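Residue numbers (our numbering), protein chains in the order written: chain A, 1 to 101; chain B, 1 to 101; chain C, 1 to 101; chain D, 1 to 101. Ideal placement from N, C-alpha and C gives every residue a C-beta, glycine not left out. What you are looking at is a predicted structure, and each value in this text was computed from that prediction instead of being measured.
Protein chains: 4
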Amino acid sequence: MAIAEVVIVPLGTGSTSLSDYVAACEDVLKKEKDVRYQLTPMGTVIEGDLHKIIDTVMKMHEVPFERGAMRVSTTIRIDDKRDKEATMEQKVISVLQKQER
Amino acid sequence: MAIAEVVIVPLGTGSTSLSDYVAACEDVLKKEKDVRYQLTPMGTVIEGDLHKIIDTVMKMHEVPFERGAMRVSTTIRIDDKRDKEATMEQKVISVLQKQER
Amino acid sequence: MAIAEVVIVPLGTGSTSLSDYVAACEDVLKKEKDVRYQLTPMGTVIEGDLHKIIDTVMKMHEVPFERGAMRVSTTIRIDDKRDKEATMEQKVISVLQKQER
Amino acid sequence: MAIAEVVIVPLGTGSTSLSDYVAACEDVLKKEKDVRYQLTPMGTVIEGDLHKIIDTVMKMHEVPFERGAMRVSTTIRIDDKRDKEATMEQKVISVLQKQER
Numbered sequence: 001m002a003i004a005e006v007v008i009v010p011l012g013t014g015s016t017s018l019s020d021y022v023a024a025c026e027d028v029l030k031k032e033k034d035v036r037y038q039l040t041p042m043g044t045v046i047e048g049d050l051h052k053i054i055d056t057v058m059k060m061h062e063v064p065f066e067r068g069a070m071r072v073s074t075t076i077r078i079d080d081k082r083d084k085e086a087t088m089e090q091k092v093i094s095v096l097q098k099q100e101r
Numbered sequence: 001m002a003i004a005e006v007v008i009v010p011l012g013t014g015s016t017s018l019s020d021y022v023a024a025c026e027d028v029l030k031k032e033k034d035v036r037y038q039l040t041p042m043g044t045v046i047e048g049d050l051h052k053i054i055d056t057v058m059k060m061h062e063v064p065f066e067r068g069a070m071r072v073s074t075t076i077r078i079d080d081k082r083d084k085e086a087t088m089e090q091k092v093i094s095v096l097q098k099q100e101r
Numbered sequence: 001m002a003i004a005e006v007v008i009v010p011l012g013t014g015s016t017s018l019s020d021y022v023a024a025c026e027d028v029l030k031k032e033k034d035v036r037y038q039l040t041p042m043g044t045v046i047e048g049d050l051h052k053i054i055d056t057v058m059k060m061h062e063v064p065f066e067r068g069a070m071r072v073s074t075t076i077r078i079d080d081k082r083d084k085e086a087t088m089e090q091k092v093i094s095v096l097q098k099q100e101r
Numbered sequence: 001m002a003i004a005e006v007v008i009v010p011l012g013t014g015s016t017s018l019s020d021y022v023a024a025c026e027d028v029l030k031k032e033k034d035v036r037y038q039l040t041p042m043g044t045v046i047e048g049d050l051h052k053i054i055d056t057v058m059k060m061h062e063v064p065f066e067r068g069a070m071r072v073s074t075t076i077r078i079d080d081k082r083d084k085e086a087t088m089e090q091k092v093i094s095v096l097q098k099q100e101r
């Protein structure tokens with residue numbers, strides 16, 4: 001299991017608003033049963049099997065093209081920790097607990 | 001006003017756990033009165049004046065060195081939208097509203 | 001055809017030097033016949049079919065684990081331009097030509 | 001001394017071509033005497049004092065706005081190694097030497 005952040009940005013669309021594209025990309029995630037995800041102000045965090053995450057991101061990457069974009073910049077940042085697994089929530093809690101001390 | 005995501009990673013520390021470093025970096029943010037921030041599973045989102053954000057990130061970047069790290073990788077991704085300002089929360093809400101339709 | 005930048009960083013290895021890992025990751029690239037690549041001071045740029053690039057990056061991502069790392073951070077930034085293809089070299093030349101004017 | 005990669009992307013400009021903007025950002029770098037830089041197919045690598053790099057990137061970040069863009073996404077990835085300094089060229093050579101073995 002891995003955690004990844006994905007940021008998908010259509011370029012040259014003529015509008016500074018990207019939320020329509022982001023919402024359509026999220027629709028792909030909604031249909032995936034094997035990954036969990038969380039929308040943040042700067043991207044989408046996905047948790048699941050690494051190859052399942054990559055397959056899902058590749059589907060999301062096609063969405064802006066299907067909506068007319070001709071250039072898409074997609075960034076996937078993978079955090080793959082194999083000694084001790086941590087969920088998205090555990091990663092945040094782990095930091096917050098250390099701050100409380 | 002801008003929104004940025006910052007990811008600070010010490011390299012060569014001998015431990016796969018980074019939460020101690022992240023917690024110490026967050027302590028810098030706690031003391032800053034002029035920026036708002038939000039911890040995510042893959043980084044920290046900061047909202048405020050762009051130059052204030054950058055100053056704060058530069059302080060955060062020093063934290064792992066103060067704790068003994070000899071190499072630090074810091075990534076700052078800035079989203080600077082000047083036609084219509086949006087808070088961290090508004091960016092997420094804007095996507096969620098479009099998904100409901 | 002797409003162009004991508006990949007950055008693979010093992011965490012918690014105890015050494016600030018990453019060049020052994022990077023060299024081993026590049027060895028994967030050397031064996032791939034269908035992608036072209038270029039090493040930069042901050043990552044590796046790969047050019048080829050998008051799915052071939054992703055498959056190659058997934059192989060590279062395993063290399064630090066095979067060498068003992070227990071946590072790997074891999075970032076893939078894809079530039080997928082479908083109106084007019086450009087090679088790695090053409091992208092740089094295009095900027096340089098505009099600077100000369 | 002640090003090495004950083006900067007990627008500056010104007011959003012909503014209506015054209016998928018970014019080379020005009022990149023060339024104008026590079027013009028800022030040309031005028032800076034205290035940093036060295038190298039254009040790659042996926043960004044610009046800058047070498048110099050960390051604070052000088054950040055000041056320079058902040059100037060580059062303004063360029064697309066001066067040319068009419070209303071939203072700019074700027075990513076700065078800093079590699080700050082304080083045990084043993086390495087130039088941009090040394091980082092690449094270090095990997096190539098290990099591949100030859």
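Rounded to whole angstroms, what is the Cα-Cα separation between residue i and residue j?
| i | j | result |
| --- | --- | --- |
| residue 33 of chain D | residue 38 of chain A | 44 Å |
| residue 24 of chain B | residue 99 of chain A | 7 Å |
| residue 78 of chain A | residue 15 of chain D | 30 Å |
| residue 97 of chain D | residue 91 of chain D | 10 Å |
| residue 11 of chain C | residue 87 of chain D | 22 Å |
| residue 18 of chain C | residue 84 of chain B | 42 Å |
| residue 66 of chain A | residue 52 of chain C | 21 Å |
| residue 59 of chain C | residue 31 of chain B | 43 Å |
| residue 106 of chain A | residue 54 of chain A | Because chain A spans 1 through 101 in this model, residue 106 of chain A falls outside it and cannot be assessed. |
| residue 29 of chain C | residue 80 of chain C | 20 Å |
| residue 9 of chain A | residue 8 of chain B | 23 Å |
| residue 63 of chain D | residue 76 of chain B | 18 Å |
| residue 68 of chain B | residue 41 of chain A | 32 Å |
| residue 22 of chain D | residue 89 of chain C | 15 Å |
| residue 93 of chain D | residue 48 of chain A | 37 Å |
What do you reckon, is the C-beta of residue i under 8 Å from a heavy atom of the ligand SAH?
| i | result |
| --- | --- |
| residue 15 of chain D | Looking for the ligand SAH in the displayed structure turns up nothing, as the structure carries no ligands at all. |
How is residue i classed by DSSP in three states: helix, strand or coil?
| i | result |
| --- | --- |
| residue 28 of chain D | helix |
| residue 179 of chain D | Any property of residue 179 of chain D remains undetermined from this structure, which presents chain D solely from 1 to 101. |
| residue 50 of chain A | helix |
| residue 79 of chain A | strand |
| residue 11 of chain A | strand |
| residue 100 of chain D | helix |
| residue 94 of chain A | helix |
| residue 87 of chain B | coil |
| residue 72 of chain A | strand |
| residue 63 of chain B | helix |
| residue 35 of chain B | coil |
Relative to the alpha-carbon of residue i, which residue among the options has its alpha-carbon at the smallest distance?
| i | options | result |
| --- | --- | --- |
| residue 95 of chain A | B:30, B:20 and B:88 | B:20 |
| residue 82 of chain C | A:61, A:26 and A:42 | A:61 |
| residue 35 of chain D | D:18, D:46 and D:42 | D:46 |
| residue 4 of chain C | C:84, C:68, C:56 and C:70 | C:56 |
| residue 50 of chain C | A:74, A:89, A:68 and A:40 | A:74 |
| residue 70 of chain A | D:6, D:72 and D:13 | D:13 |
| residue 1 of chain C | A:72, A:64 and A:89 | A:72 |
| residue 44 of chain B | B:6, B:89 and B:93 | B:6 |
For residue i, which residues does DSSP report across the bridge?
| i | result |
| --- | --- |
| residue 43 of chain B | B:40 |
| residue 16 of chain B | Beta-bridge pairing links residue 16 of chain B to no other residue. |
| residue 2 of chain B | B:48 |
(Q) By the 9 Å beta-carbon criterion, what residues does the region 63 to 80 of chain C contribute toward chain A? (A) 65, 69, 70, 71, 72, 73, 74, 75, 76, 77, 78, 79 and 80
(Q) Tell me which residues of the region 7 to 23 of chain C have at least one Cβ-Cβ distance to chain B shorter than 8 Å, keeping chain order. (A) 9, 11, 12, 13, 14, 15, 16, 17 and 18
Q: Scan the region 45 to 62 of chain C for residues whose Cβ lies nearer than 7 Å to a Cβ of chain D and list them as they occur along the chain.
A: 45
Q) Relative to chain A, which residues along the region 80 to 91 of chain C have a C-beta separation below 9 Å, given in chain order? A) 80, 81, 82, 83 and 84
Q. Which of the residues in the region 27 to 38 of chain D, read from start to end, lie with their CB under 9 Å from any CB of chain C?
A. 27, 30 and 38
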